[in-house]
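Undergrad: Going by this note's numbering, the letters in the sequence shown line up with residues 10 to 322, in that order.
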Amino acid sequence: MRALAAASDNAARSAPAVMLPASATATNSRKPMKSRCIAVPAFDVAGVCLKRLRIVRRRGMADAARMQSLIPHLLPIAAVFCLAGLVKGIAGTGLPTVAMGLLGLWLAPPEAAALLVLPSLLTNLQQAWGDGAVALLRRLWPLLATLVIGTWLSAGILVGADPALARGGLGGLLALYALLGLSRWQGRLPQRHEPWAGPAAGLATGLLTGATGVFVVPALPYLVALGLPRETLMRALGYCFFTATLTLAIALAWHGAFTRGAVGPSLLALLPTALGMWLGTRLRQRIPAEAFRRVFFLTLLALGVHQLWQALG
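This is how it looks when you write it as C-alpha cells:
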C-alpha cells in the first residue's frame with residue numbers, strides 16, 4: 010500500500026500543469042477598485058443636458074412671445090414713461106405710481122412691474138446720491154430692512170394672484186395715496202417713536218409693494234412725518250424706492266416674472282424716462298406747485314377708481 014501511495018504522489022508531481030478557466034468572481038477580484046465602480050451611462054448625461062436645453066429654449070420662446078406682445082404697445086409705453094419721468098422731474102417722486110397706474114390699464118401688474126425695474130432703479134439711485142449718506146442710512150435702516158422682508162414675503166401675490174384681484178389692489182392703493190395727498194395731511198412723528206414706527210412702516214410698505222408693485226404707502230407719509238429738510242427727504246425717498254425696486258426685481262426674477270427677456274424692454278424704457286425727467290426739471294420753476302399737486306393727485310384718484318371699477322366689473 011505504501012508503494013502504491015508513493016507512486017501516486019510521484020505521478021501527480023510529474024503530471025503537466027493544467028490551466029483552468031478563471032471564474033468571474035476571481036476575475037473581478039483581480040480588477041482594481043476603480044474599474045469596479047458603476048459608471049453613469051452616457052445617455053443619462055445626454056438626457057439631462059437635453060432636458061436643460063429644452064427648458065432654456067422654452068424660456069427663450071416665452072421671452073420672445075412677451076416681446077412680441079409688447080410691440081403693439083411700444084408708443085403708449087414710451088408715452089407713459091415719459092409722463093412718469095416728467096412727474097418725477099417736477100415733484101421728485103411719482104415715477105412708479107404713475108407708471109404702474111397707467112400701464113395697468115392694458116398690462117398685467119407683473120409685466121408692468123418688470124418694465125419699471127431699470128428706470129426706477131437708476132432714477133432713484135441718482136436721487137439718493139449725495140453727502141451725509143451714512144447718517145441718513147443709520148436712521149433709516151430699520152425701515153429699509155423690514156421693507157426688504159415684506160416685499161420678499163408678498164412678491165408671490167403679484168405674480169400668482171388673479172389679474173383682476175391684483176388690479177383691484179393696485180387701484181385701491183392708488184386711490185388711498187391720492188386721498189392722502191389731497192387731504193394735505195402733515196402729521197409729525199416724534200423721534201422717540203421711530204424705533205417701532207420705522208420697522209412697521211417698512212414692513213407694511215414691503216407687503217404692499219410685493220402685492221401691487223407700488224411702493225409709496227405708507228413709506229412716503231412716514232418719511233414726511235419725520236420732518237426732514239426737503240433735500241434730505243428727497244434722498245431718503247431715493248433710498249427707500251431704490252431698496253424696494255431692487256428687492257422687487259430679485260423677487261420677480263425668483264418667481265420667473267423678470268427674466269432676461271424683460272431686461273431689454275425695461276432698458277428701452279430708460280430713454281423716455283430720462284427725457285421726461287429732463288423736461289420736468291426745466292418746468293419745475295414754471296408750474297405753480299399747488300396746481301400741479303392737485304392735478305397729480307386727482308389724476309391718481311381717477312386711475313385708482315378706474316382700476317377698482319375694472320376689477321369689480
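For each residue, glycine too, the CB sits at the ideal point set by N, CA and C.
1. For Gly94, name the three-state secondary structure that DSSP assigns.
2. Can you look up Leu212 in the DSSP assignment and give me helix, strand or coil?
3. Note down, in chain order, each residue of its chain lying with its Cβ closer than 7 angstroms to the Cβ of Arg197, except the 5 sequence neighbours on either side.
4. Specify the secondary structure class of Ser192 as computed by DSSP and reduced to three states.
5. For the alpha helix (DSSP H) holding Ala123, just list the boundary residues, first then last.
6. For Leu149, count neighbouring C-beta atoms within 10 Å of its own C-beta (all shown protein chains included) and say buried if the count is 16 or more, exposed if not.
7. Please check the pair Gly181 and Gly313, which I expect to be a contact at CB under 8 angstroms, by giving their CB distance rounded to whole angstroms.
8. Should the segment 206-215 be called in touch with the segment 140-160, which here means at least 3 C-beta pairs below 8 angstroms?
9. For the pair the segment 177-194 and the segment 284-296, tell me if three or more CB-CB distances fall below 8 angstroms.
10. Buried or exposed: which applies to Gly94, given that a residue is buried once 16 or more other Cβ atoms fall within 10 Å of its Cβ?
11. Any idea what DSSP makes of Ala170, helix, strand or coil?
12. Count the other CB atoms, across all protein chains shown, that sit within 10 Å of the CB of Gly101; report buried if there are 16 or more and exposed otherwise.
13. For Leu112 and Pro297, what's the separation of their Cα atoms in angstroms?
14. For Gln319 and Leu309, I'd like the C-alpha separation in whole angstroms.
15. Under 8 angstroms by Cβ, that's how I've got Ala5 and Gly159 pegged, so tell me the actual separation to the nearest angstrom.
16. Using DSSP with H/G/I as helix, E/B as strand and the rest coil, what is Pro281?
17. Touch check for the segment 127-142 and the segment 247-266: three-plus C-beta pairs under 8 angstroms?
18. I'd like the list of long-range same chain contacts for Leu153, defined as Cβ closer than 8 angstroms, with 5 residues on each side in sequence excluded.
19. Can you tell me whether Gly98 is buried or exposed, with buried defined as 16 or more other CB within 10 angstroms of its CB?
20. Buried or exposed for Val143, please, with buried defined as at least 16 other CB atoms from any protein chain shown within 10 angstroms of its CB.
21. Using a Cβ-Cβ cut-off of 8 angstroms (strictly less than) and excluding sequence neighbours within five positions of Leu174, which residues of its own chain qualify?
22. The alpha helix (DSSP H) spanning Gln294 covers which residue range?
23. How should Leu83 be labelled, buried or exposed, when 16 other C-beta atoms within 10 angstroms of its C-beta is the threshold for buried?
24. Could you tell me whether the Cβ atoms of Val226 and Leu185 are closer together than 8 angstroms?
25. Could you tell me the alpha carbon to alpha carbon distance between Trp115 and Leu279, rounded to whole angstroms?
26. For Lys43, which residues from the same chain have a beta carbon less than 8 angstroms from its beta carbon, with the 5 sequence-adjacent residues on both sides left out?
27. Enumerate in chain order the residues of its own chain whose CB-to-CB distance from Thr241 is below 8 angstroms, with the five nearest sequence positions on each side excluded.
28. Would DSSP call Ala87 helix, strand or coil?
29. Less than 8 angstroms between the C-beta atoms of Leu257 and Leu216, yes or no?
30. Hey, how far is the Cα of Met267 from the Cα of Ala87?
31. How long is the line joining the alpha carbons of Ala228 and Gly270, rounded to whole angstroms?
32. Relative to the alpha-carbon of Phe306, which residue among Phe90, Pro199, Pro281, Thr106 has its alpha-carbon at the smallest distance?
33. Helix, strand or coil: which one does DSSP assign to Pro151?
34. Tell me whether Thr102 sits in a helix, a strand or coil according to DSSP, three-state version.
TA: For this structure:
1. Residue state, collapsed to three classes: helix.
2. DSSP places Leu212 within a helical segment (H, G or I) once states are collapsed to three.
3. Within its own chain, the residues whose Cβ lies closer than 7 angstroms to the Cβ of Arg197, once the five positions on either side in sequence are excluded, are Ala234, Gly236, listed in chain order.
4. Coil.
5. From DSSP, the alpha helix (DSSP H) with Ala123 extends over 118-137.
6. Taking all protein chains shown into account, Leu149 has 16 or more neighbouring C-beta atoms within 10 Å of its C-beta and is therefore buried.
7. Yes, Gly181 and Gly313 are in contact; Cβ-Cβ is about 7 angstroms, under 8 angstroms.
8. Contact holds: three or more Cβ-Cβ distances are below 8 angstroms.
9. These segments do not touch.
10. Looking at its Cβ environment, which holds 16 or more other Cβ atoms inside 10 Å, Gly94 is buried.
11. Reduced to three states, the DSSP call for Ala170 is coil.
12. Buried, by the Cβ-count rule.
13. Cα to Cα, the separation comes out at about 27 angstroms.
14. Roughly 15 angstroms separates the two Cα atoms.
15. Limits of the chain in this structure are 10 at one end and 322 at the other, which puts residue 5 out of reach.
16. The answer is helix: DSSP assigns Pro281 an H, G or I state.
17. Contact between the segment 127-142 and the segment 247-266 is present, because at least three Cβ pairs lie under 8 angstroms.
18. Closer than 8 angstroms at the Cβ level, and outside the excluded window around Leu153, lie Leu146, Gly211, Tyr248, Cys249, Thr252.
19. In the assembly as shown, Gly98 is a buried residue. Its beta-carbon has 16 or more other beta-carbons within 10 Å.
20. Around the Cβ of Val143, a 10 Å sphere holds fewer than 16 other Cβ atoms; the residue is exposed.
21. These residues qualify, in order along the chain: Ala320.
22. From DSSP, Gln294 is part of no alpha helix (DSSP H); its letter is neither H nor E.
23. Exposed: under 16 other Cβ atoms inside 10 Å.
24. Yes, the Cβ-Cβ distance between Val226 and Leu185 is below 8 angstroms.
25. The alpha-carbon separation between Trp115 and Leu279 amounts to approximately 20 angstroms.
26. Confidence at Lys43 is low in this model, with a pLDDT of 44, below 50, so the placement of that residue should be treated as unreliable; the coordinate-derived value is given next. Sequence-distant partners of Lys43 (beyond 5 residues in either direction) whose C-beta falls short of 8 angstroms from its own C-beta are missing from its chain.
27. Counting only residues of its own chain and dropping the five nearest sequence neighbours on each side, Thr241 has a CB closer than 8 angstroms to the CB of Gly141, Leu145.
28. For Ala87, the secondary structure class from DSSP, reduced to helix, strand or coil, is helix.
29. Not closer than 8 angstroms, so no.
30. Looking at the sequence itself, residue 267 is Phe, so the reference to Met does not match. In a straight line, the C-alpha of Phe267 is about 19 angstroms away from that of Ala87.
31. Distance from the CA atom of Ala228 to the CA atom of Gly270, rounded to whole angstroms, is 31 angstroms.
32. Checking every option, the nearest Cα to that of Phe306 belongs to Thr106.
33. Residue state, collapsed to three classes: helix.
34. Three-state DSSP puts Thr102 in coil, outside helix and strand.
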